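Going line by line, the protein sequences match chains A and B.
In the working numbering, each residue carries its 1-based index in the first sequence increased by 8.
Counted from 1, the second sequence has number -2 at position 6 by the working numbering; the numbering is strictly sequential.
By construction, the Cβ of each residue, glycine as well, lies at the ideal position given by its N, Cα and C atoms.
The model shown is predicted, which means the values in this text are computed figures rather than measured ones.
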Amino acid sequence: MAKSVKIYTTRTCPYCHMAKEFFKANDVKYTEIDVGSDRKAAEEMIKRSGQMGVPVIDVDGTIIVGYNKEALKKALSIK
Amino acid sequence: MYDIIIIGGGPSALAAAVYAARQKVDFIVIAENVGGQILWSSDIENYLGFKSITGMELVPRFIEQIEYNKVQIKDEKVSSIDKKGNTFIVKTDKNNPYESKTILIASGKKPRKLNVSGEDEFLGRGVSYCALCDAALFPDKNVAVVGGGNAAMDAALLIQKYAKKVYIISINASLMGEPYMLDEIRKSNKIEVITNAKTTIISGSKFVTGISIEVVNEKKTIPVEGVFVEIGSIPSVEFDNLTKKNRYNEIMIYGNETMSNMTSVSGIFAAGDVTDVQEKQVIVAAGEGVKAILGIFKYLQTLK
Chain A
9 MAKSVKIYTT
19 RTCPYCHMAK
29 EFFKANDVKY
39 TEIDVGSDRK
49 AAEEMIKRSG
59 QMGVPVIDVD
69 GTIIVGYNKE
79 ALKKALSIK
Chain B
-7 MYDIIIIGGG
3 PSALAAAVYA
13 ARQKVDFIVI
23 AENVGGQILW
33 SSDIENYLGF
43 KSITGMELVP
53 RFIEQIEYNK
63 VQIKDEKVSS
73 IDKKGNTFIV
83 KTDKNNPYES
93 KTILIASGKK
103 PRKLNVSGED
113 EFLGRGVSYC
123 ALCDAALFPD
133 KNVAVVGGGN
143 AAMDAALLIQ
153 KYAKKVYIIS
163 INASLMGEPY
173 MLDEIRKSNK
183 IEVITNAKTT
193 IISGSKFVTG
203 ISIEVVNEKK
213 TIPVEGVFVE
223 IGSIPSVEFD
233 NLTKKNRYNE
243 IMIYGNETMS
253 NMTSVSGIFA
263 AGDVTDVQEK
273 QVIVAAGEGV
283 KAILGIFKYL
293 QTLK
């Protein structure tokens, strides 16, 4: 079954853009949450990740901070 | 054994790669992040062919052209370069040693760190090097921007759209940069400029709660929840102990009648922001990359 992938972003964040490109290249479906315009979501992200920086990526509950390709590959079982 | 290894993923490296792909040379590009510093540019309005384009829009166009030319990019970080006889050995974080007849270093620059207590500890928990990324995460909060040049002013003007108050903390006697931005900062009722101030500590518990500064001999701590570090950039040369650098640690490049962009080491060429070229511009970097690769083609001829 496909994993549930959530990415917390801001509109102008290059690393978020790179992460989304990575998802597209690997056919990963994801939900994007723009924390720049949704303050409640921003608070939720900070609480769950302990991070005040984007992107934060949630793969089936595993939190990955920043654009970390290796960690993403591992969490999504991509070779 | 490759003919050329290109280190870097910015405009210099990629422009060189396009030229190399159209020659009969065996080469690879080693780059951690394709795009380089341009990714962090908001509006580029002086790159020929585009009236105005953001870095995030320009980079996919670079990638499209690179892919069309079937350039092989190794997504690795270079850890060292060595010379054995006439062969260069490039090692990476994935423990892959690559051998090549020549190297083109086009690794660009990276943000300079403050080197104060708390900076590493609170990275991502209030400390950021990317205002473009994280400005929106500080709504109605007090934020400090450390730096006194264009990058610091640009960051402060962006952050003030969200934050309650922005302190620009500069070690210099005044801000320096584009008059337009200086004007905007003067006009802003959210931005306070503190000059002659040395940042000493970034403090907090789970997240940043304050920044300590020294102004002349007076020490004080300003309560802030965010600290954006914008004090310029340094050349990405930590893997290179071979070439001669200038006082800014930029790779010095030389040319003669036939070859451009040679370094002090025969067979190593360099291009773009990592070098001592005066103009740090996207279009210049691309041109420098081409100059360097054309120099390499000529150098390879001399090996035959």
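(request) Using a Cβ-Cβ cut-off of 7 Å, state whether Gly69 (chain A) counts as contacting chain B. (result) Chain B places no beta carbon closer than 7 Å to that of Gly69 (chain A), leaving this residue out of the contacts.
(request) Would you mind working out which of B:Tyr(-6), B:Ile(-1), B:Ala23, B:Gly28 sits nearest Lys272 (chain B), comparing C-alpha positions? (result) Out of B:Tyr(-6), B:Ile(-1), B:Ala23, B:Gly28, B:Gly28 has the C-alpha closest to the C-alpha of Lys272 (chain B).
(request) Mind listing the chain A neighbours of Ser34 (chain B)? Cutoff is C-beta to C-beta under 9 Å, in chain order. (result) Residues of chain A with a Cβ closer than 9 Å to the Cβ of Ser34 (chain B) are, in chain order, Thr20.
(message) Quick check on this structure: which residue in B:Asp232, B:Lys290, B:Gly247, B:Ser252 has the alpha carbon closest to the alpha carbon of Gly100 (chain B)?
(response) Scanning B:Asp232, B:Lys290, B:Gly247, B:Ser252 for the CA closest to the CA of Gly100 (chain B) turns up B:Asp232.
(message) What does the Cβ neighbour count give for Gln31 (chain B), buried or exposed, with the cut at 16 atoms within 10 Å?
(response) According to the sequence provided, residue 31 (chain B) is Leu. The question's Gln does not apply to it. Buried.
(request) Ignore the nearest five residues each way along the sequence and tell me which others in Ile223 (chain B)'s own chain have a CB closer than 7 Å to its CB. (result) For Ile223 (chain B), where only same-chain residues beyond five positions count, the Cβ hits under 7 Å are Arg104, Leu106, Val138, Gly139.
(request) Report the residue from B:Ala9, B:Gly1, B:Asn209, B:Met(-7) whose alpha carbon sits nearest the alpha carbon of Lys283 (chain B). (result) Ranking the options by Cα distance to Lys283 (chain B), first place goes to B:Ala9.
(request) Please list the segments of the beta strand (DSSP E) lying wholly inside the region 40 to 74 of chain A, counting only runs of 3 or more residues, in order along the chain. (result) Segments of the beta strand (DSSP E) lying fully in the region 40 to 74 of chain A: 64 to 67, 70 to 73.
(request) Please report how far the alpha carbon of Ala23 (chain B) lies from the alpha carbon of Val266 (chain B), in whole angstroms. (result) Between the alpha carbons of Ala23 (chain B) and Val266 (chain B) lies a distance of about 14 Å.
(message) Please state the DSSP three-state secondary structure of Met254 (chain B).
(response) In this structure, DSSP gives Met254 (chain B) an extended state, which the three-state scheme calls strand.
(request) Use the C-beta contact count for Thr294 (chain B): other C-beta atoms within 10 angstroms, 16 or more gives buried, fewer gives exposed. (result) It is exposed - the Cβ of Thr294 (chain B) has fewer than 16 other Cβ atoms within 10 Å.
(message) Against Val73 (chain A), what residues of chain B qualify as contacts under a CB-to-CB distance less than 7 Å, listed in chain order?
(response) Gly116, listed in chain order.
(message) Going by the DSSP bridge assignment, what does Asn134 (chain B) pair with across the sheet?
(response) BP columns for Asn134 (chain B) point to B:Lys157.
(request) For Asp146 (chain B), I'd like the list of residues in its chain whose CB is within less than 7 Å of its CB, leaving aside the five on either flank, ordered along the chain. (result) Once the five neighbours on either side are set aside, the close Cβ partners of Asp146 (chain B) are Met173.
(message) Assuming Val274 (chain B) and Tyr39 (chain B) are in contact, meaning their beta carbons sit under 8 Å apart, how far apart are those beta carbons, in whole angstroms?
(response) Correct: roughly 5 Å between the Cβ atoms.
(message) I'd like to know whether the C-beta atoms of Ala165 (chain B) and Asn188 (chain B) end up nearer to each other than 7 Å.
(response) For the 7 Å CB-CB criterion, Ala165 (chain B) and Asn188 (chain B) form a contact.
(message) Thr235 (chain B) and Val257 (chain B) - do their beta-carbons sit closer together than 7 Å?
(response) Contact flag set, yes.
(message) Checking the sheet assignment: what are the DSSP bridge partners for Leu90 (chain B)?
(response) First, the residue type needs correcting, since residue 90 (chain B) is Tyr and not Leu in the sequence shown. Under DSSP, Tyr90 (chain B) takes part in a beta bridge, and its partners are B:Val82.
(message) Under DSSP, the beta strand (DSSP E) around Phe220 (chain B) begins and ends at which residues?
(response) Looking at the DSSP string, the run of the beta strand (DSSP E) that includes Phe220 (chain B) is 218 to 221.
(request) Drop a sphere of 10 angstroms on the beta-carbon of Asn25 (chain B), count the other beta-carbons inside from all chains shown, and report buried for 16 or more, exposed for fewer. (result) Only buried fits Asn25 (chain B), as 16 or more other CB atoms lie within 10 angstroms of its CB.
(message) By the 7 Å beta-carbon criterion, what residues does the region 1 to 20 of chain B contribute toward chain A?
(response) Of all residues in the region 1 to 20 of chain B, none has a C-beta nearer than 7 Å to a C-beta of chain A.
(message) Do Lys102 (chain B) and Ser228 (chain B) count as a contact pair if the criterion is CB distance below 7 Å?
(response) Contact: yes.
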